[in-house]
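Visitor: This is the structure I want to talk about, given as structure tokens.
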Amino acid sequence: MGTTKSAIIQAVEARPTTILDQSASSGIIRSITTGWTLLNNAHPETFRLFRVRSCWSIRHIFVTAHNLGSTNRVDIGLYDINDGGNVDSDLYANAELLAPAGVGVLNVDYRYSNTTGSTGPFLSAGNAIWEDLSLSKDPQLEYDFALTTSANGATSGGVVVTLHYVMPG
Numbered sequence: 543m544g545t546t547k548s549a550i551i552q553a554v555e556a557r558p559t560t561i562l563d564q565s566a567s568s569g570i571i572r573s574i575t576t577g578w579t580l581l582n583n584a585h586p587e588t589f590r591l592f593r594v595r596s597c598w599s600i601r602h603i604f605v606t607a608h609n610l611g612s613t614n615r616v617d618i619g620l621y622d623i624n625d626g627g628n629v630d631s632d633l634y635a636n637a638e639l640l641a642p643a644g645v646g647v648l649n650v651d652y653r654y655s656n657t658t659g660s661t662g663p664f665l666s667a668g669n670a671i672w673e674d675l676s677l678s679k680d681p682q683l684e685y686d687f688a689l690t691t692s693a694n695g696a697t698s699g700g701v702v703v704t705l706h707y708v709m710p711g
């Protein structure tokens, strides 16, 4: 039977010891939550939810929707805090059902898979936001973390978004 060691174990056992990126080996796991009422509207709408830093690592995104039916789709991504421009509007979710299969919860564990069965980049687990954006180094910026509806559909209802992230520590 073979044994596979994680990057963290390999770094600890290396001689000389390898210093890992803080987000891979430690950090403070935090959670932030917000909610609002999504009104019926046939036009796309962007909801700027949280201010995030480029050095953070996003681990999970939970979107809970109440009474919104099964046709409302959303993108989840980042916007510039200064000019409001789109940095990458669907970095974390692209046209995902807001309430898949009547469950009422969109669990975007985008690093592995989400409730609709699509898969994300497995090897990016632990990446910082700047790495998710394919940048060569941390720009030390803040972004607006946003949810954009493709069209709100014909129903109104409550939406709650919870973001789990790691701050280097």
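Per the working numbering, residue 543 is the first one in the sequence shown, and the count goes up by one each step.
Built from N, CA and C at the ideal position, the CB exists for glycine as well.
Let me make sure I understand the geometry here. Which of V554, G700, G627, I623 has the alpha-carbon closest to that of E684?
Guide: When only C-alpha atoms are compared, the closest one is I623.
Visitor: Determine, using beta-carbon pairs with one atom in the segment 571-580 and one in the segment 670-678, whether at least three such pairs fall under 8 Å.
Guide: No, because fewer than three Cβ pairs between the segment 571-580 and the segment 670-678 fall closer than 8 Å, the two stretches do not touch.
Visitor: Let me make sure I understand the geometry here. Which of Y634, I570, V701 has the alpha-carbon closest to that of W598?
Guide: Checking every option, the nearest Cα to that of W598 belongs to I570.
Visitor: Have a look at V702 and V616 and give me their C-alpha separation to the nearest angstrom.
Guide: Using only the alpha carbons, I get a separation of about 13 Å.
Visitor: Over what stretch of residues does the alpha helix (DSSP H) that includes W578 continue unbroken?
Guide: Careful: W578 lies outside any alpha helix (DSSP H), inside the beta strand (DSSP E) at 570-580.
Visitor: Less than 9 Å between the C-beta atoms of T704 and S573, yes or no?
Guide: Yes, the pair counts as a contact, with Cβ atoms nearer than the cut-off.
Visitor: Among the candidates T546, T691, V708, P710, whose CA atom is the shortest distance from the CA of V605?
Guide: Among T546, T691, V708, P710, the Cα nearest to that of V605 belongs to T691.
Visitor: Nearest by alpha-carbon distance to P586: which of I551, D625, A688 is it?
Guide: Checking every option, the nearest Cα to that of P586 belongs to A688.
Visitor: Between L620 and D686, is the Cβ-Cβ spacing less than 9 Å?
Guide: Contact flag set, yes.
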